[in-house]
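In this note's numbering, the protein residues as written are 21 to 311.
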């Protein structure tokens, strides 16, 4: 079992401070934050705090530090998790993602939103993101997969980019308007990456900033390093997949170079939610296993 999932399992079943300490998240030395002596007890209590939540009819239990805000679901029940890359472990107790404004603990994050879906067949949902919706024209080269240009596969994902010549013609199709050149359209397009299952159905969709947009980060020694002079930091803001067993739709976002670990990200999220569901079935809050 990967270390991050082993840590989660330890925290969920731990009943002593010793067990919790043994399973605390791994924090890069440079990012470690000093903890005042008076805060030690609060930090230990925060590490032990578990949050129970529901997504549809399914119940889950996770340590509080798995949530982006360090507390739990938002006031509407929305669930957003935050993992630190490359370990894909949660942020340290008492130091949520939002408390870091700069540096690797901020940049090397993977934010994950989780939603329950009950009106659409969940195994078809990723493919629907590739389908033209109401109000979208089939001649639009951005939203019509058939009009995109197939590029060599990357990281075992089919790769499609926008045809800028078609995009330029589409944007400038109305006479009398100022002409927008293709060079200015890169920032308005995105790359699509697709993974299909054995039956050919789309199981994963990742939407990233256009590859023709200059990179802002590079990976050195398993760390994201800012490229000098970069003015923007392209992202993959729509990594969508599902967990049919719980009817969950999942969307992850992260810096574009982290795309290489898309499989690891999916595994980390699936493992965490599966363990969280198993833990909720024997949650001590009810004193007995839930049916």
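Think of the CB as a built atom: it goes at the ideal place given N, C-alpha and C, for glycine as much as any other residue.
Values in this document were obtained by computation on a predicted structure and should not be read as measured data.
Q: Look at the alpha carbon of residue 115 and the alpha carbon of residue 91, and state the distance between them as a whole number of angstroms.
A: Position 95 of the chain shown, counted from the start, is the residue given in the question as residue 115. Position 71 of the chain shown, counted from the start, is the residue given in the question as residue 91. Distance between the alpha carbons of residue 115 and residue 91: 11 Å.
(Q) Quick check: residue 292 and residue 81, are their CB atoms within less than 7 Å of each other? (A) Along the chain shown, read from residue 1 onward, the residue named residue 292 stands at position 272. Along the chain shown, read from residue 1 onward, the residue named residue 81 stands at position 61. The answer is no: Cβ separation not under 7 Å.
Q. Taking buried to mean at least 16 other C-beta atoms within 10 Å of its own C-beta, is residue 148 buried or exposed?
A. Position 128 of the chain shown, counted from the first residue, corresponds to residue 148. Answer is exposed; the Cβ neighbour count stays below 16.
Q.
Can you give me the C-alpha to C-alpha distance between residue 244 and residue 196, rounded to a whole angstrom?
A. Walking along the chain shown from the start, residue 244 turns up at place 224. Walking along the chain shown from the start, residue 196 turns up at place 176. Computed Cα separation, rounded: 45 Å.
Q: Report the residue from 213, 70, 247 and 218 whose alpha carbon sits nearest the alpha carbon of residue 113.
A: Indexing the chain shown from 1 puts residue 113 at position 93. Here the closest residue by C-alpha is 70.
Q) Helix, strand or coil: which one does DSSP assign to residue 111? A) Counted from its first residue, the chain shown places residue 111 at position 91. DSSP places residue 111 in coil when its eight states are reduced to three.
(Q) Taking the straight line between their C-alpha atoms, what separation do you get for residue 252 and residue 207? (A) Against the chain shown, residue 252 aligns to sequence position 232. Against the chain shown, residue 207 aligns to sequence position 187. Cα to Cα, the separation comes out at about 11 Å.
Q: Could you tell me which uninterrupted alpha helix (DSSP H) segments, each at least 4 residues in length, are contained entirely in the stretch 208 to 289, listed from first to last along the chain?
A: none
Q) Leaving out five residues before and five after residue 132 in sequence, what residues of the same chain have Cβ atoms less than 6 Å from its Cβ? A) Locating residue 132 in the chain shown gives position 112, where the first residue counts as 1. Excluding sequence neighbours, residue 132 sits near 101, 272 and 289.
Q. Among 275, 119 and 168, which has the Cα closest to the Cα of residue 255?
A. Numbered from 1 along the chain shown, position 235 holds the residue referred to as residue 255. For residue 255, the nearest C-alpha among the options comes from 275.
Q) The beta strand (DSSP E) with residue 72 in it runs from where to where? A) On the chain shown, position 52 is the one that residue 72 refers to. Note, residue 72: beta strand (DSSP E), 70 to 75.
Q) If you run the structure through DSSP and keep just helix, strand and coil, what is residue 102? A) Counted from its first residue, the chain shown places residue 102 at position 82. Three-state result, residue 102: strand.
Q.
Applying the 10 Å Cβ sphere with the 16-neighbour rule, what's the burial state of residue 93?
A. On the chain shown, position 73 is the one that residue 93 refers to. Buried is the call here.
Q | Other residues of its chain near residue 138: CB distance less than 8 Å, five sequence neighbours each side excluded | A | Numbered from 1 along the chain shown, position 118 holds the residue referred to as residue 138. Cβ within range, chain order: 76 and 267.
Q) From 231, 270, 88 and 284, pick the residue whose C-alpha is nearest to that of residue 134; which is it? A) For the purposes of this step, residue 134 is identified with residue 114 of the chain shown, where counting begins at 1. Of 231, 270, 88 and 284, the residue nearest in Cα terms is 270.
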